[in-house]
Amino acid sequence: MTENVSDLVLDGNAAGGLLQEIFVPEITSAQIECEACGSTAAVGTLHLYAAAMGAVLRCSHCDGILMRAVHTAHGRWLEMKGARYLRF
Amino acid sequence: MTVIETAATAAAPVRRLAWQLARVREIVTETYRVKSLMLDVTSWQGHLPGQHVDIRLTAEDGYQAQRSYSIASPPEDDLLALTVERVENGEVSRYLVDDLRAGDQFELRGPIGGYFVWTVATRGPLWLIAGGSGIAPLMAMLRHRARRKLRAPALLLYSSRSLEDVIYREELDMMARGDPHLRVVHALTRKQPQRWMGHWGRIDKALLAQAGFPPSQNARIYVCGSTPFVEDVSRFLVELGHDPLAVKTERFGPSGE
Amino acid sequence: MHETPISRGFRSRRQEQTPKDRVPPGQYVTTDFPVLSAGPTPQIKVENWNFALQLGASLLGKWNWAEFEALPQTTIKTDIHCVTKWSKLDTTWQGVTFDDLLKAVGKAEPPAGYIMAHCDGGYTTNVPVADLIGGKGMIATRYEGLPIAPAHGGPARLLVPHLYFWKSAKWIRRIRFMERDQRGFWESLGYHNYGDPWKEQRYDGD
Numbered sequence: 001m002t003e004n005v006s007d008l009v010l011d012g013n014a015a016g017g018l019l020q021e022i023f024v025p026e027i028t029s030a031q032i033e034c035e036a037c038g039s040t041a042a043v044g045t046l047h048l049y050a051a052a053m054g055a056v057l058r059c060s061h062c063d064g065i066l067m068r069a070v071h072t073a074h075g076r077w078l079e080m081k082g083a084r085y086l087r088f
Numbered sequence: 001m002t003v004i005e006t007a008a009t010a011a012a013p014v015r016r017l018a019w020q021l022a023r024v025r026e027i028v029t030e031t032y033r034v035k036s037l038m039l040d041v042t043s044w045q046g047h048l049p050g051q052h053v054d055i056r057l058t059a060e061d062g063y064q065a066q067r068s069y070s071i072a073s074p075p076e077d078d079l080l081a082l083t084v085e086r087v088e089n090g091e092v093s094r095y096l097v098d099d100l101r102a103g104d105q106f107e108l109r110g111p112i113g114g115y116f117v118w119t120v121a122t123r124g125p126l127w128l129i130a131g132g133s134g135i136a137p138l139m140a141m142l143r144h145r146a147r148r149k150l151r152a153p154a155l156l157l158y159s160s161r162s163l164e165d166v167i168y169r170e171e172l173d174m175m176a177r178g179d180p181h182l183r184v185v186h187a188l189t190r191k192q193p194q195r196w197m198g199h200w201g202r203i204d205k206a207l208l209a210q211a212g213f214p215p216s217q218n219a220r221i222y223v224c225g226s227t228p229f230v231e232d233v234s235r236f237l238v239e240l241g242h243d244p245l246a247v248k249t250e251r252f253g254p255s256g257e
Numbered sequence: 001m002h003e004t005p006i007s008r009g010f011r012s013r014r015q016e017q018t019p020k021d022r023v024p025p026g027q028y029v030t031t032d033f034p035v036l037s038a039g040p041t042p043q044i045k046v047e048n049w050n051f052a053l054q055l056g057a058s059l060l061g062k063w064n065w066a067e068f069e070a071l072p073q074t075t076i077k078t079d080i081h082c083v084t085k086w087s088k089l090d091t092t093w094q095g096v097t098f099d100d101l102l103k104a105v106g107k108a109e110p111p112a113g114y115i116m117a118h119c120d121g122g123y124t125t126n127v128p129v130a131d132l133i134g135g136k137g138m139i140a141t142r143y144e145g146l147p148i149a150p151a152h153g154g155p156a157r158l159l160v161p162h163l164y165f166w167k168s169a170k171w172i173r174r175i176r177f178m179e180r181d182q183r184g185f186w187e188s189l190g191y192h193n194y195g196d197p198w199k200e201q202r203y204d205g206d
């Protein structure tokens, strides 16, 4: 059992399978710009939370949410209002 | 299996991911709690060193569990190798390490991930830093490098709890002995044998400075292990003057089980 | 219909000893207490903590830590069920019930039909007021007799154990009454709006 929550912070690499169900081009190497702080990074470097429920990907500089994704039997959800753009 | 050696490889478009069937051809014991599963995957299209797969197990009552594992084999090999560490109370890892037999099957999809990737087409010294089972994707890179007989300098810093925990120990010894351009430095964090010549304790800033490539050499650096390990090592590297963009990381976190 | 291949001999270890009447469908009992968070754990000092009940633009009530601790305390023992399929039985919590919060602000009746819970770190979740009154919901500050650890939502979290545990919002700071229901963090991204584990309402469309 993990009490140290920092152990649970994975990265965008680990969300690769979930995200690759939605995107055609390779997603973890795509560049994403944070709406909140303006920093740009590869999706694979974002901090991944709540992997058991889907994916909450946060900016590694300001912790702002860049992408959220969920896959259920009824469909897939993707929300990216925290990102200014994705560049492949 | 051929590797397409172009600069655009890492950003190449990917076919839509689909679940495929993987059949276990052979199981290799690496340590007392680590095994490598050698898999035959029906329509495998190839992969790049550093990528991973998702696997899915389905029980007879329909219960499913899904996990990600790095591919430890190079693209040059016919069978796909996944190296699995048995984690205490780990539902999936215990099955894979204790129960799985040759001939068994499970679902697999991949390859996944174009960010944490290295091929011989990438210029510059290669610096790999592994914590525990984080060695798996880095081993794919080293095996690919060996198959391609690349001469450019490479360094592996590999942290394990004890000598018994070092995965691929003999293979790494042989690789290093056969290649003057490859250095392998082991750090043992909890238990060291009597006349241990490697590093004692965790990989710290001093070891990185003393054994590693200086920033001026612009090494491509790959760090893989638990989240705390990756965060510490990355921070040290940046403090030592390495370009943060030259440091690629992959966090294993806890098993998630 | 594509057939999913079975992995010989694989079974969830969590299938052992599942008391059917206490464990909702699809759930497995665990003795662990897994942590799941949508973001970094906020480090909240109780000296800086406050909690508010809000209706429209007005504050119905606001308490600092000492004031909140002085409210009537209730201890309950209950089972909790996470949408990721683990259930934990016989967990003990202490805190202030929703009923006592309403009493503290002089409301005999809840002023609206729904609430949104607002938390440090930005997490939100919506709950019908009918699922909080009558002892069904509380703001919890103790787990198993000790202050709730930050990773588990301390210093205070919402506790609505008859719904999936994502509704028991960690690091709660404000309850906002709403005339009309609005979807919170997970509810707006594919999860069920209500979340009854006994009806297996995990996802929107279940």
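Chains as they are written, first to last, in our numbering: chain A, 1 to 88; chain B, 1 to 257; chain C, 1 to 206. We put the beta carbon where it would ideally sit given N, CA and C, even for glycine.
{"Query": "Spatial distance of GLU47 of chain C from ARG68 of chain A (CA atoms)", "Result": "33 Å"}
{"Query": "Backbone CA spacing between GLN20 of chain A and ARG84 of chain A [nearest angstrom]", "Result": "20 Å"}
{"Query": "Of the residues C:GLY61, C:TYR194, C:SER37, C:PRO5, the one placed nearest LYS107 of chain C, counting alpha carbons only", "Result": "C:GLY61"}
{"Query": "Stretch pair the stretch 96–106 of chain C + the stretch 64–76 of chain C: three plus CB contacts closer than 8 Å", "Result": "yes"}
{"Query": "Residues within the stretch 185–202 of chain C neighbouring chain A, beta-carbon criterion of under 9 Å", "Result": "PHE185, TRP186, SER188, LEU189, GLY190, TYR191, ARG202"}
{"Query": "Residues that DSSP places opposite ARG251 of chain B in a beta bridge", "Result": "B:GLY225"}
{"Query": "Element boundaries [alpha helix (DSSP H), containing VAL84 of chain B]", "Result": "Taken as a continuous stretch (DSSP letters only), VAL84 of chain B belongs to no alpha helix (DSSP H), being part of the beta strand (DSSP E) at 80–85."}
{"Query": "Three-state secondary structure (DSSP) of GLU3 of chain C", "Result": "coil"}
{"Query": "Selected residue, minimal CA-CA separation from LEU240 of chain B, among B:GLY212, B:THR249, B:PHE229, B:VAL230", "Result": "B:GLY212"}
{"Query": "Contact under 8 Å by Cβ, MET53 of chain A with TRP186 of chain C", "Result": "yes"}
{"Query": "Cβ neighbour criterion (16 or more within 10 Å) applied to ASP131 of chain C", "Result": "buried"}
{"Query": "Among B:SER234, B:LYS191, B:ALA152, the one whose alpha carbon lies nearest that of LEU163 of chain B", "Result": "B:LYS191"}
{"Query": "Exposed unless 16 or more other CB atoms sit within 10 angstroms - verdict on CYS37 of chain A", "Result": "exposed"}
{"Query": "Range of the contiguous alpha helix (DSSP H) that encloses LYS103 of chain C", "Result": "98–104"}
{"Query": "Span of the beta strand (DSSP E), counted from its first residue to its last, around PRO34 of chain C", "Result": "Counting along the chain, PRO34 of chain C falls outside any beta strand (DSSP E), and DSSP gives it neither H nor E."}
{"Query": "Closer than 8 Å at the beta carbon, the chain A residues around THR249 of chain B", "Result": "ASP11, THR45"}
{"Query": "Straight-line Cα distance separating GLU76 of chain B from THR2 of chain B", "Result": "Residue confidence for THR2 of chain B is low, a pLDDT of 39 falling below 50, so the modelled location carries little weight; the figure read from the coordinates is stated next. Between THR2 of chain B and GLU76 of chain B, the C-alpha separation is close to 6 Å."}
{"Query": "Contacts around TRP86 of chain C, its chain only, beta-carbon distance under 8 Å, and the 5 residues preceding and following it disregarded", "Result": "ARG14, GLN27, TYR28, VAL29, THR30, ASP32, PRO34"}
{"Query": "Residues of its chain near GLY184 of chain C, where Cβ-Cβ distance is below 7 Å and the 5 sequence neighbours each way are ignored", "Result": "MET116, THR124, THR125, ASN126"}
{"Query": "Sub-8 Å separation of PHE88 of chain A and ALA41 of chain A beta-carbons", "Result": "no"}
{"Query": "Integer-rounded CB distance, given that ALA112 of chain C should sit under 8 Å from PHE51 of chain C", "Result": "So it is not a contact: roughly 18 Å between Cβ atoms."}
{"Query": "ASP63 of chain A versus VAL34 of chain B: straight-line alpha-carbon distance, rounded", "Result": "35 Å"}
{"Query": "Partners in chain D for ALA73 of chain A, counting only beta-carbon separations shorter than 7 Å", "Result": "Reference to chain D is not applicable here, since the protein chains of this structure are A, B and C."}
{"Query": "Straight-line gap, LEU36 of chain C to ARG195 of chain B (C-alpha atoms, nearest Å)", "Result": "44 Å"}
{"Query": "Inter-residue spacing [alpha-carbon to alpha-carbon] between SER188 of chain C and ARG86 of chain B", "Result": "37 Å"}
{"Query": "Short CB-CB distance (under 8 Å) between THR4 of chain C and chain A", "Result": "no"}
{"Query": "Cβ of GLU85 of chain B within 8 Å of any chain C Cβ", "Result": "no"}
{"Query": "Contacts that GLY39 of chain C makes with chain A (C-beta to C-beta distance below 9 Å)", "Result": "HIS47, TYR49, ALA50, VAL56, ARG58, ASP63, ILE65"}
{"Query": "Contact under 8 Å by Cβ, ILE71 of chain B with GLY17 of chain A", "Result": "no"}
{"Query": "Nearest neighbour of VAL96 of chain C, chosen from C:ALA156, C:TYR164, C:LYS20, C:THR4 [CA to CA]", "Result": "C:ALA156"}
{"Query": "Reference ALA169 of chain C, options C:GLY153, C:PRO147, C:GLU179, C:LYS136, closest by Cα", "Result": "C:GLY153"}
{"Query": "Three-state secondary structure (DSSP) of ILE4 of chain B", "Result": "Because ILE4 of chain B sits at a pLDDT of 40, beneath the cut-off of 50, its placement in the model cannot be relied upon, and the point is left open."}
{"Query": "Which listed residue (A:PRO25, A:HIS71, A:LEU46) has its alpha carbon closest to that of GLY205 of chain C", "Result": "A:HIS71"}
{"Query": "Distance cut-off 7 Å: TRP186 of chain C Cβ against heavy atoms of the ligand PLP", "Result": "This structure lacks the ligand PLP, and indeed carries no ligand of any kind."}
{"Query": "Euclidean distance between Cα positions of PRO125 of chain B and PRO244 of chain B", "Result": "16 Å"}
{"Query": "Per DSSP, the bridge partner or partners of ASN89 of chain B", "Result": "BP columns for ASN89 of chain B are empty, so no partner."}
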